[in-house]
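Peer 1:
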Amino acid sequence: MVGAGAGGLAAAHRATELGARVLVLEKARRIGGSAALSAGILWTAPDLDVLRRIQPDGDPVLGPLLVAGYERAVQDVRDAGVAVSEEWDDHLEWGRACKIDIPGLFAAWSKSVVAAGGSILTEVRDVDLVQGDDGRVTGARFVHDGERITAQAGSVVLATGGFQGDPELTQTFIGHGADTIGVRSNPCSVGDGFRMGRAAGGAASRHLSTFYGHTLPSPLPVIPEVFLRLTLYFSAYGILVNRSGRRFTDESLGDEVSDQRLLLERDHRGVLIWDDSVQRERALAEPYPSGMVLDRFAEARALGARAAESDTLEGLVEQVSTWGVDRAALARTLADYSRAADGDEDIALDAPLPERPSPLHRAPFRALEVQPCITIPFGGLRVDGDARVLDRDDRPVPGLHAVGADAGGAQDLRYVGGIVFGLVFGRRAADAALRSPAARPAGAAVGA
Ligand SMILES: Cc1cc2nc3c(=O)[nH]c(=O)nc-3n(C[C@H](O)[C@H](O)[C@H](O)COP(=O)(O)OP(=O)(O)OC[C@H]3O[C@@H](n4cnc5c(N)ncnc54)[C@H](O)[C@@H]3O)c2cc1C
Numbered sequence: 184m185v186g187a188g189a190g191g192l193a194a195a196h197r198a199t200e201l202g203a204r205v206l207v208l209e210k211a212r213r214i215g216g217s218a219a220l221s222a223g224i225l226w227t228a229p230d231l232d233v234l235r236r237i238q239p240d241g242d243p244v245l246g247p248l249l250v251a252g253y254e255r256a257v258q259d260v261r262d263a264g265v266a267v268s269e270e271w272d273d274h275l276e277w278g279r280a281c282k283i284d285i286p287g288l289f290a291a292w293s294k295s296v297v298a299a300g301g302s303i304l305t306e307v308r309d310v311d312l313v314q315g316d317d318g319r320v321t322g323a324r325f326v327h328d329g330e331r332i333t334a335q336a337g338s339v340v341l342a343t344g345g346f347q348g349d350p351e352l353t354q355t356f357i358g359h360g361a362d363t364i365g366v367r368s369n370p371c372s373v374g375d376g377f378r379m380g381r382a383a384g385g386a387a388s389r390h391l392s393t394f395y396g397h398t399l400p401s402p403l404p405v406i407p408e409v410f411l412r413l414t415l416y417f418s419a420y421g422i423l424v425n426r427s428g429r430r431f432t433d434e435s436l437g438d439e440v441s442d443q444r445l446l447l448e449r450d451h452r453g454v455l456i457w458d459d460s461v462q463r464e465r466a467l468a469e470p471y472p473s474g475m476v477l478d479r480f481a482e483a484r485a486l487g488a489r490a491a492e493s494d495t496l497e498g499l500v501e502q503v504s505t506w507g508v509d510r511a512a513l514a515r516t517l518a519d520y521s522r523a524a525d526g527d528e529d530i531a532l533d534a535p536l537p538e539r540p541s542p543l544h545r546a547p548f549r550a551l552e553v554q555p556c557i558t559i560p561f562g563g564l565r566v567d568g569d570a571r572v573l574d575r576d577d578r579p580v581p582g583l584h585a586v587g588a589d590a591g592g593a594q595d596l597r598y599v600g601g602i603v604f605g606l607v608f609g610r611r612a613a614d615a616a617l618r619s620p621a622a623r624p625a626g627a628a629v630g631a
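All residue numbers for the sequence shown refer to this note's numbering, where the first residue is 184 and numbers rise by one.
Structure (structure tokens):
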């Protein structure tokens, strides 16, 4: 396995269960990747109808396998002897979810890998695939402790966590400006898996230009300390405008969609505005069971974000206009939103009105400048349902798998989970690798 986060460790553990001896290569000093920084919510769409509603253009093979694999993934966590919370069924209003103990899970899985004779090496660098003349991937070369090592393997699983940290790839695929936005992830996921897979003959997936991330207050540095604390989960219930004072998305599609739309706006900056009802019922509420409860507006303001508060809308618009936002247009946008929310159908809005709008009725009103961030891209290597990397003619590159955020195409614009992809497809990759006779000479290692 190349990468010791959600996907790499799930694949390593499953391969170990199936009797393989596994070598896991990790670039960072510690295992865990973005999963170790995460909120530990294991979640996805509860059924195919919801999946299709949320991801109408997601990969038709990968999405259903994800939904079908959820319960097995939860059971895998329980089988590791790790705490799993009660399930809830309204994550982001429609997802099924539970909270899992990620450090406990990774510790248990690492232990099982090592106990079975496998190894997990950290601070590994310069990983490169070894490929035979017939195109089969037969292992990997890497540097560890100053030594260049070549390891033979029946199969290699790429699980390096995506290309969000590489400005060249984000700019190439996600577009202009994507190289400048904050990276809300572990710092090592810079497209190594994507590049290795491409060099071995793998093709790119669809949905290379979309990604998962969240809006964060601006202008603040995007650092791990604020990844969870300042994520504006409640933005789906606010009004989001650009520097021209105009809305540009249906906010109720979710903070993840607003985040992507914001990237396309001037200076990649927006202003989120909400009233006191939203503040009390959404902003101050638990974003999900066990989620941090804090006043993100107050905290962001204290840290130096552009924040405004006023008992009148005029006062709020006045303050926000000093941030370079068109005052007249903003006043018009808020008035139009309010009239449309009250049922006036003759108003031409810049962006669709949310099904359940959040007009600004109750003072005080608040505004926060926001910036987009990227956590993982939705595009990556093209894979099949067994996580085998496919070439441009959809033929598997023998001996090569990709899982987690290194595998793309399953998600189109909205988000149906992160950790779950690693757990479901890590298991599937190991199952497939050990099913293939060529990949399983007696006693062979699965991994690099
Ligand atoms: C703050 C935050 C909160 C989140 N909350 C949630 C949540 O609650 N629920 C959810 O579903 N998702 C959440 N996510 C997203 C989730 O963490 C990721 O989608 C998931 O971890 C991706 O799994 P992965 O295995 O692809 O990558 P990772 O878990 O990131 O693991 C990739 C690993 O590969 C290593 N690596 C990179 N390059 C190399 C190389 N060349 N050689 C060797 N190793 C390499 C990295 O160092 C890393 O350890 C969150 C993410 C963040 C940052």
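Beta carbons: idealized from backbone N, C-alpha and C, even for Gly.
Cα separation between L312 and S521?
Peer 2: Going by the C-alpha atoms only, they are around 58 Å apart.
Peer 1: How about S372: is its Cβ closer than 7 Å to a heavy atom in ligand 1?
Peer 2: Flag set: Cβ of S372 near ligand 1.
Peer 1: For the stretch 592–607 against the stretch 234–241, do three or more pairs of beta-carbon atoms, one drawn from each stretch, fall closer than 8 Å, so that the two count as touching?
Peer 2: Yes: the two stretches touch, three or more of their Cβ pairs being nearer than 8 Å.
Peer 1: Closer than 7 Å: is that where the CB of G410 sits relative to any heavy atom of ligand 1?
Peer 2: For the sequence presented, residue 410 should be read as Phe rather than Gly. Yes, the Cβ of F410 comes within 7 Å of a heavy atom of ligand 1.
Peer 1: Give me the Cα-Cα distance between A627 and V205, rounded to the nearest whole angstrom.
Peer 2: Because A627 carries a pLDDT of 39, less than 50, the predicted location of this residue cannot be relied on, and no value is offered for it.
Peer 1: Within the same chain, show all residues whose beta-carbon is closer than 7 Å to that of S619, passing over the 5 residues directly before and after it, in chain order.
Peer 2: Result list for S619: empty, nothing under 7 Å.
Peer 1: Check for me: the beta strand (DSSP E) holding Q554 runs from which residue to which?
Peer 2: First-last of the beta strand (DSSP E) with Q554: F548 to Q554.
Peer 1: For D442, is the beta carbon positioned less than 7 Å from some heavy atom of ligand 1?
Peer 2: No, since every heavy atom of ligand 1 falls outside the 7 Å radius drawn around the Cβ of D442.
Peer 1: Can you give, in chain order, each stretch of the beta strand (DSSP E) that sits fully within the stretch 566–600 and has at least 3 residues?
Peer 2: Counting whole runs of 3 or more residues, the stretch 566–600 contains the beta strand (DSSP E) stretches 571–573 and 579–585.
Peer 1: Go ahead and label R255 buried or exposed: buried means 16 or more other beta carbons lie within 10 angstroms of its beta carbon, across all protein chains shown.
Peer 2: R255 comes out exposed.
Peer 1: In whole angstroms, what separates the C-alpha of G216 from that of A488?
Peer 2: Whole-angstrom Cα-Cα distance: 28 Å.
Peer 1: Quick check: what's the CA-CA separation for D242 versus L249?
Peer 2: If I take the Cα positions, the gap works out to 11 Å.
Peer 1: So is V185 buried or exposed if we call it buried at 16+ other beta carbons inside 10 Å?
Peer 2: That one is buried.
Peer 1: Just the C-alpha distance for V296 and A195, rounded to the nearest angstrom, thanks.
Peer 2: The straight-line gap from Cα to Cα measures roughly 7 Å.
Peer 1: When you compare each of G563, I332 and I422 to R515 by their alpha carbons, which one comes out closest?
Peer 2: That would be I422, whose Cα lies nearest to the Cα of R515.
Peer 1: Start and end of the beta strand (DSSP E) containing H327?
Peer 2: Note, H327: beta strand (DSSP E), V320 to H327.
Peer 1: Report the start-end ranges of each alpha helix (DSSP H) in the stretch 218–255 that is 4 residues or longer and not cut off at the edges.
Peer 2: If we require 4 residues or more, the alpha helix (DSSP H) runs fully inside the stretch 218–255 come out as 231–237.
Peer 1: Please indicate yes or no: does the CB of R255 lie closer than 7 Å to some heavy atom of ligand 1?
Peer 2: The answer is no for R255.
Peer 1: Might you give, ordered along the chain, the residues of its own chain that have their beta carbon closer than 6 Å to the beta carbon of A615, omitting 5 neighbours on each side?
Peer 2: D569.
Peer 1: Should the stretch 546–563 be regarded as contacting the stretch 486–500, the criterion being three or more beta carbon pairs within less than 8 Å?
Peer 2: Touching, yes.
Peer 1: When the Cα of G385 is compared with those of R484, G605, V244 and P581, which residue comes out closest?
Peer 2: Selected option, being the one with the closest Cα: P581.
Peer 1: Flag G428 as yes when its Cβ comes closer than 7 Å to any non-hydrogen atom of ligand 1, and as no otherwise.
Peer 2: False, no ligand heavy atom lies under 7 Å from that Cβ.
Peer 1: Is the beta carbon of D442 closer than 8 Å to that of H397?
Peer 2: Result yes, Cβ atoms of H397 and D442 sit closer than 8 Å.
Peer 1: Quick one: what does DSSP say S521 is sitting in, helix, strand or coil?
Peer 2: In the structure shown, S521 sits in a helix (DSSP, three-state: H, G or I).
Peer 1: Would you say the stretch 371–383 touches the stretch 525–542, given that touching needs at least three Cβ pairs under 8 Å?
Peer 2: The stretch 371–383 vs the stretch 525–542: no contact.
Peer 1: Can you tell which of P472, G526, G474 and F548 has its C-alpha closest to the C-alpha of L499?
Peer 2: Minimum Cα distance to L499 is reached at F548.
Peer 1: Helix, strand or coil for S441, going by three-state DSSP, please let me know.
Peer 2: Three-state result, S441: helix.
Peer 1: Within 10 angstroms of the Cβ of V476, are there 16 or more other Cβ atoms? Answer buried if so, exposed if not.
Peer 2: Flag for V476 reads exposed.
Peer 1: How many Å lie between F608 and G592 at the Cα?
Peer 2: Those two C-alpha atoms are separated by around 13 Å.
Peer 1: Measure the CB-CB distance between D433 and A336 and report whether it falls below 8 Å.
Peer 2: No, the Cβ-Cβ distance between D433 and A336 is not below 8 Å.
Peer 1: Which parts of the stretch 332–414 are runs of the alpha helix (DSSP H), unbroken and 4 residues or longer, counting only runs that do not cross its ends?
Peer 2: You should have 375–382 and 407–410.
Peer 1: Exposed or buried, what is T495 when buried is set at 16 or more other beta-carbons lying within 10 Å of its beta-carbon?
Peer 2: So T495 ends up on the exposed side.
Peer 1: What are the start and end residues of the alpha helix (DSSP H) that includes E200?
Peer 2: Where E200 is concerned, the enclosing alpha helix (DSSP H) stretches over A189 to E200.
Peer 1: Could you name the residues of the same chain whose beta carbon sits closer than 7 Å to that of A625, not counting the 5 residues immediately before and after it, in chain order?
Peer 2: Because the pLDDT of A625 is 36, which lies under 50, any placement of that residue in the model is unreliable, and the number read from its coordinates should be weighed accordingly. No residues qualify anywhere along the chain.
Peer 1: Taking 8 Å as the CB-CB limit, is G380 close to chain B?
Peer 2: Note that chain B does not occur in the displayed structure, where there is just one protein chain.
Peer 1: Helix, strand or coil for D459, going by three-state DSSP, please let me know.
Peer 2: DSSP places D459 in helix when its eight states are reduced to three.
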